[in-house]
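Colleague: Residue numbers (this note's numbering): 10 to 600. There's a structure below that I have some questions on.
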């Protein structure tokens with residue numbers, strides 16, 4: 010299916026699993042474990058050690074006494090969260106960043122924040138240390154030209170630790186940079202943020218694509234936390250982070266206890282994650298495991314790459330993939346990351362030759378060429394330079410969307426601040442076909458999380474499938490007759506072709522209708538097994554649960570699609586857990 014670099018020692022097994030043939034193994038007693046598992050265990054051990062120390066501190070001293078003991082006066086919000094210290098005076102008191110008033114409008118699919126004045130304050134980041142101030146502004150805040158920043162600095166609008174700066178000022182560790190700016194936030198998608206569950210400590214949401222999680226770079230009020238703050242009237246803090254373009258499950262803490270409990274589970278790898286992606290081409294059948302270290306090549310454009318584990322900042326990474334369906338152009342793939350690196354799923358998919366089909370970074374033909382960076386074969390310096398032009402002179406493109414007239418610098422200027430304005434983005438460039446579908450706890454006896462206190466033991470959350478993951482199924486679900494208490498309809502499909510179907514009255518059945526449909530196909534086709542990669546479409550889940558033939562041929566069935574009037578959460582009981590990963594709900598479209 011695909012050729013892999015021999016020098017890296019990879020191959021495809023008969024079962025379709027990608028693995029490292031030269032990966033060293035370490036013996037522990039009578040058991041051998043891989044180098045990846047050794048690194049992962051060390052990471053988990055360190056996380057649990059930190060958790061244990063934190064729990065001990067909590068038992069010995071409450072937060073207020075600890076602050077008093079250290080002689081630190083810390084500002085907290087009404088929920089007890091520490092406020093970010095962005096300004097310190099000589100007497101040690103700290104002040105929080107004050108947000109200005111702002112206006113929001115909805116224009117089509119976009120959420121627009123009208124320009125506003127904002128005093129931007131930030132401490133020196135590690136990558137800014139010992140660099141000239143002007144260089145930092147030009148390379149890190151690329152929405153403005155160098156001439157704009159020169160003018161601001163020369164006119165005294167930029168301060169370093171309350172002192173007026175100049176263009177040659179060197180920024181050091183600990184410096185506070187202050188800059189008053191007329192801010193133009195880029196638009197984001199106006200999709201509502203759906204709340205999946207809420208209790209006293211945690212808020213679980215379905216994050217829309219195209220919205221950053223928290224204020225960052227050019228974004229502030231067009232971020233998930235600020236949008237929710239405006240909606241709910243209080244601040245929430247992210248426990249897990251998704252890329253701006255990624256949609257799906259997010260956990261936000263309402264209290265410090267909620268932040269600690271959920272954060273501890275994530276750090277200790279006590280949470281299983283499942284994502285859904287839509288990728289280029291026909292993804293191989295079976296389970297595909299990619300175990301390649303990753304590192305960030307250029308943080309300014311969020312470019313990441315597969316690397317050798319011995320390279321600086323390399324992090325061990327592992328993702329398991331499985332194909333769900335293929336529509337003739339693209340495949341829907343289930344992705345299970347065992348680690349949580351930046352762009353891990355996106356880079357691993359690109360590396361094996363199946364990038365996300367609308368990925369503006371990793372499936373952009375104009376940047377990577379026809380091979381789309383498969384096997385990591387690319388001049389990354391050139392790739393980085395091309396990505397720096399995106400949003401300036403070139404708009405975002407991808408393998409699927411090659412002719413987008415998206416966001417670029419226009420010839421218009423703001424009459425207030427004279428900055429060059431950008432055209433509005435196309436909604437398609439604010440969407441990535443990667444969705445955090447399901448998160449579940451996997452607590453064990455060694456867990457340091459106090460599950461009784463937080464009530465999170467054996468929790469599991471999932472969202473509906475995003476519409477882009479259901480498009481290939483709708484032509485078949487629309488052929489299904491509407492389900493009633495009496496009527497039942499199902500289809501057996503393979504590679505876009507209906508092999509068999511049944512339409513019956515449930516009360517007249519003597520045998521399971523799905524079993525009858527499968528056996529009818531096998532008899533007419535003269536076969537004794539279903540072809541690999543079949544999909545079953547059904548108007549009810551009950552025959553699926555009781556079907557003996559589904560259980561018999563489940564390795565050859567990649568998906569079981571149930572048409573419902575609306576999304577209903579988990580459809581099957583615990584006794585049918587073997588079907589859990591195969592069930593896809595396709596709710597009827599609301600017209």
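All C-beta atoms, glycine included, are put in the ideal place defined by N, C-alpha and C.
Between residue 177 and residue 151, what straight-line distance do the alpha-carbon atoms span, to the nearest angstrom?
Modeller: So the alpha carbons of these two residues sit roughly 19 angstroms apart.
Colleague: Around the Cβ of residue 201, are there at least 16 other Cβ atoms within 10 angstroms (buried) or fewer (exposed)?
Modeller: Residue 201 is exposed by the Cβ-count criterion.
Colleague: Hey, would you say residue 255 sits closer than 8 angstroms to residue 218, going by beta carbons?
Modeller: It is a contact, given that the beta carbons lie within the stated cut-off.
Colleague: Within 10 Å of its beta-carbon, does residue 603 have 16 or more other beta-carbons around it, so buried, or fewer, so exposed?
Modeller: The requested residue 603 is not part of the displayed model; the chain covers only 10 to 600.
Colleague: Any heavy atom of the ligand FMN inside 7 angstroms of the beta-carbon of residue 376?
Modeller: This structure does not include the ligand FMN; it has no bound ligands of any sort.
Colleague: With contact counted as at least three CB pairs below 8 angstroms, one residue from each stretch, are the segment 414–431 and the segment 240–248 in contact?
Modeller: Counting Cβ pairs under 8 angstroms, fewer than three are found: no touch.
Colleague: In whole angstroms, what separates the C-alpha of residue 546 from that of residue 396?
Modeller: Approximately 42 angstroms between the Cα atoms of the pair.
Colleague: One question on the structure: do residue 189 and residue 220 come within less than 8 angstroms of each other, judged by their Cβ atoms?
Modeller: No, they are not a contact pair.
Colleague: Under the rule that 16 or more other beta-carbon atoms within 10 Å means buried, what is residue 234, buried or exposed?
Modeller: Burial call: buried.
Colleague: Just list the residues that DSSP pairs residue 259 with in beta bridges.
Modeller: Residue 259 pairs with 214.
Colleague: Within its chain, find whatever has a CB closer than 7 angstroms to the CB of residue 109; leave out the 5 residues flanking it on each side and keep chain order.
Modeller: So the list reads 125, 126, 127, once near-sequence residues are dropped.
Colleague: If contacts are defined as beta-carbon pairs under 8 angstroms, then residue 196 and residue 433 qualify, I think. What distance do you get, rounded to the angstrom?
Modeller: About 6 angstroms separates the two Cβ atoms, so the contact holds.
Colleague: State whether the segment 273–286 contacts the segment 44–57, with contact taken as three or more CB pairs (one from each stretch) at a distance under 8 angstroms.
Modeller: Yes, since at least three Cβ pairs between the segment 273–286 and the segment 44–57 fall closer than 8 angstroms, the two stretches touch.
Colleague: Unbroken alpha helix (DSSP H) runs of length 4 or more, entirely within the segment 342–429: which are they?
Modeller: Listed in chain order, the complete alpha helix (DSSP H) runs (minimum 4 residues) inside the segment 342–429 are 353–360, 374–377, 389–397.
Colleague: Does the separation of the CB atoms of residue 206 and residue 530 fall below 8 angstroms?
Modeller: In this structure, residue 530 does not lie closer than 8 angstroms to residue 206 by Cβ.
Colleague: Under 8 angstroms: do the segment 299–310 and the segment 371–379 share three or more Cβ pairs, one atom per stretch?
Modeller: No, the segment 299–310 is not in contact with the segment 371–379.
Colleague: Under the three-state reduction of DSSP, which class applies to residue 323: helix, strand or coil?
Modeller: DSSP places residue 323 in coil when its eight states are reduced to three.
Colleague: Are residue 315 and residue 360 closer than 8 angstroms when you measure CB to CB?
Modeller: Cβ distance < 8 angstroms, so residue 315 and residue 360 count as in contact.
Colleague: Considering only the beta carbon of each residue, do residue 60 and residue 273 sit closer than 8 angstroms?
Modeller: For residue 60 and residue 273, yes; Cβs fall inside 8 angstroms.
Colleague: Please return the same chain residues whose Cβ sits closer than 7 angstroms to the Cβ of residue 592, not counting the five positions on each side in sequence.
Modeller: 569, 571, 580, 581, listed in sequence order.
Colleague: Roughly how many whole angstroms lie between the Cα atoms of residue 472 and residue 307?
Modeller: Between residue 472 and residue 307, the C-alpha separation is close to 32 angstroms.
Colleague: Can you have a look at residue 289 and say buried or exposed, based on whether 16 or more other CB atoms are within 10 angstroms of its CB?
Modeller: Residue 289 should be labelled buried.
Colleague: So, with DSSP's three-state summary, where would you put residue 440?
Modeller: DSSP places residue 440 in coil when its eight states are reduced to three.
Colleague: Report all residues from its chain with a CB closer than 8 angstroms to the CB of residue 417; omit the five preceding and five following residues, and keep chain order.
Modeller: Contacts found: 400, 401, 402, 403, 404, 431, 432.
Colleague: According to the neighbour-count rule (16 or more other Cβ atoms, all chains shown, within 10 Å of its Cβ), is residue 348 buried or exposed?
Modeller: Buried, by the Cβ-count rule.
Colleague: Is residue 588 buried or exposed, if buried means 16 or more other CB atoms sit within 10 Å of its CB?
Modeller: It is buried - the Cβ of residue 588 has at least 16 other Cβ atoms within 10 Å.
Colleague: Report yes if the C-beta distance between residue 393 and residue 500 is below 8 angstroms; otherwise report no.
Modeller: Cβ distance not < 8 angstroms, so residue 393 and residue 500 don't count as in contact.
Colleague: What is the DSSP secondary structure of residue 597, reduced to helix, strand or coil?
Modeller: It is coil, neither helix nor strand.
Colleague: For residue 142 versus residue 173, is the C-beta distance shorter than 8 angstroms?
Modeller: No.
Colleague: For residue 194, count neighbouring C-beta atoms within 10 Å of its own C-beta (all shown protein chains included) and say buried if the count is 16 or more, exposed if not.
Modeller: The residue in question, residue 194, is buried, as its Cβ has 16 or more Cβ neighbours within 10 Å.
Colleague: Which of helix, strand or coil does DSSP assign to residue 590?
Modeller: DSSP places residue 590 in coil when its eight states are reduced to three.
Colleague: With DSSP run on the structure shown, which of helix, strand or coil describes residue 122?
Modeller: Correct three-state label for residue 122: strand.
Colleague: Would you please state the rounded distance, in angstroms, between the beta carbons of residue 245 and residue 258? I believe it to be under 8 angstroms.
Modeller: Contact doesn't hold; Cβ gap of about 15 angstroms is too wide.
Colleague: Given a threshold of 16 other Cβ atoms within 10 Å of its Cβ, counted over all protein chains shown, does residue 191 qualify as buried or as exposed?
Modeller: Exposed: under 16 other Cβ atoms inside 10 Å.
Colleague: Since residue 367 contacts residue 409 with CB under 8 angstroms, what's their CB separation in whole angstroms?
Modeller: So it is a contact: roughly 4 angstroms between Cβ atoms.
Colleague: Going by Cα to Cα distance, which pick from 168, 335, 171, 183 is closest to residue 132?
Modeller: The candidate whose alpha carbon is nearest that of residue 132 is 183.
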